[in-house]
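Here the sequence shown is numbered in UniProt numbering, starting from 1 and rising by one per residue.
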Amino acid sequence: MSGNVPEIDTLQTDGFSPEEFVGCLTFSNIHFSYPTRPTVKILDGISYEVNPGEMVALVGHSGCGKSTMIGLLLRYYEQSAGVVALDGIPLRDYNVSWLRSVIGVVQQEPVIFCATVAENIRMGDDSFTDEELEEACRMANALEFIGKLSEGFDTVIGEGAVQLSGGQKQRIAIARALIRKPQILLLDEATSALDTESEHAVQQALDKARQNRTTISIAHRLSTVRDADKIIVFEEGHIVEQGEQVERRICDSGPIRIRHAFVFIHNSFD
């Protein structure tokens with residue numbers, strides 16, 4: 001049996017757990033390589049800031065390091081060098097469980113368990129009231145289709161039970177994130193696997209979900225980043241361009257790499 005101690009102790013009871021925080025995220029000269037491939041740099045000198053309540057979109061080809069940023073924020077990994085900070089305090093100084101409790105995550109492929117709709121959203125936390133459950137589903141644009149299920153919130157969904165569409169599953173995942181009232185929201189290609197109709201419903205839910213929340217969105221579709229406050233383009237572990245207002249990036253006068261990234265997104269998915 002190995003005596004190795006995990007680099008990140010998820011069971012730690014110490015660490016900073018503030019009752020309130022602002023929600024400013026800063027990445028300062030971040031370098032990262034996976035332990036199994038230490039010579040391959042996934043992130044190489046990444047620096048940017050996400051202001052409280054701001055939505056920042058990360059775009060770029062697959063494998064350029066975007067999703068690794070989410071792993072660092074959730075402390076699934078530890079960067080090789082540099083500092084990731086929340087409100088000026090390094091993430092490693094926070095209690096890991098507390099940190100993850102204030103971050104909501106919506107991924108490309110939501111996990112749906114063979115359980116009731118309510119159980120899928122509550123995820124074992126029975127402290128959430130029925131009113132909180134309904135409000136989260138309302139914000140996620142899920143209340144209407146849940147009401148049409150045979151048993152409503154008590155309908156068993158998942159493998160071997162009632163099957164939901166991709167868009168419905170994603171809205172359940174959004175409700176699951178929102179019921180915990182996270183101040184930080186991470187969207188990891190949350191609409192990239194959906195058809196146009198489903199994407200529209202989910203995108204509306206995401207637009208509501210990110211209001212007054214610090215949001216990082218990894219995107220492969222132009223429609224996902226139209227309302228971003230800032231767009232950051234990744235290429236082979238580097239930031240090659242960043243700026244404000246999507247409209248400036250798709251006009252002829254915008255930075256060339258931003259336009260090329262958008263052309264790639266547009267041609268690949270729209």
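Note that beta-carbon positions come from the ideal geometry of N, C-alpha and C, so glycine has one too. The model shown is predicted, which means the values in this text are computed figures rather than measured ones.
Please work out which residues of its chain come closer than 6 Å, Cβ to Cβ, to residue i, disregarding the five sequence neighbours upstream and downstream, and give them in chain order.
i	result
I30	L43, I46, Q79 and G82
A85	T26
S28	S47, G82 and V83
E49	T26
Using alpha carbons as the reference points, say which of the options lies closest to residue i.
i	options	result
T36	E20, A85, T26 and Y77	Y77
S101	A209, P18 and Q211	P18
Q183	T13, D14, E20 and E236	E20
R213	I121, E197 and G53	G53
L194	Q107, C24, V233 and D207	Q107
For residue i, count neighbouring Cβ atoms within 10 angstroms of its own Cβ and tell me buried if that reaches 16, exposed if not.
i	result
F153	buried
Q168	buried
Q203	buried
Q163	exposed
Rounded to whole angstroms, what's the CA-CA distance from residue i to residue j? Just pull it up for me.
i	j	result
A205	I174	8 Å
I216	L187	6 Å
I112	A177	13 Å
T224	V56	11 Å
N95	N51	22 Å
R92	E151	44 Å
G88	D125	31 Å
V240	K66	13 Å
T191	S198	8 Å
A209	E135	11 Å
G15	R180	21 Å
So, for residue i: in the same chain, excluding its five sequence neighbours on each side, which residues have a beta-carbon less than 7 Å away from its beta-carbon?
i	result
K41	H31, S33 and G237
Segment contact, 8 Å Cβ cut-off, at least three pairs: the region 59-78 with the region 134-142: no
Cβ pair count under 8 Å reaching 3, the region 216-225 against the region 157-169: no
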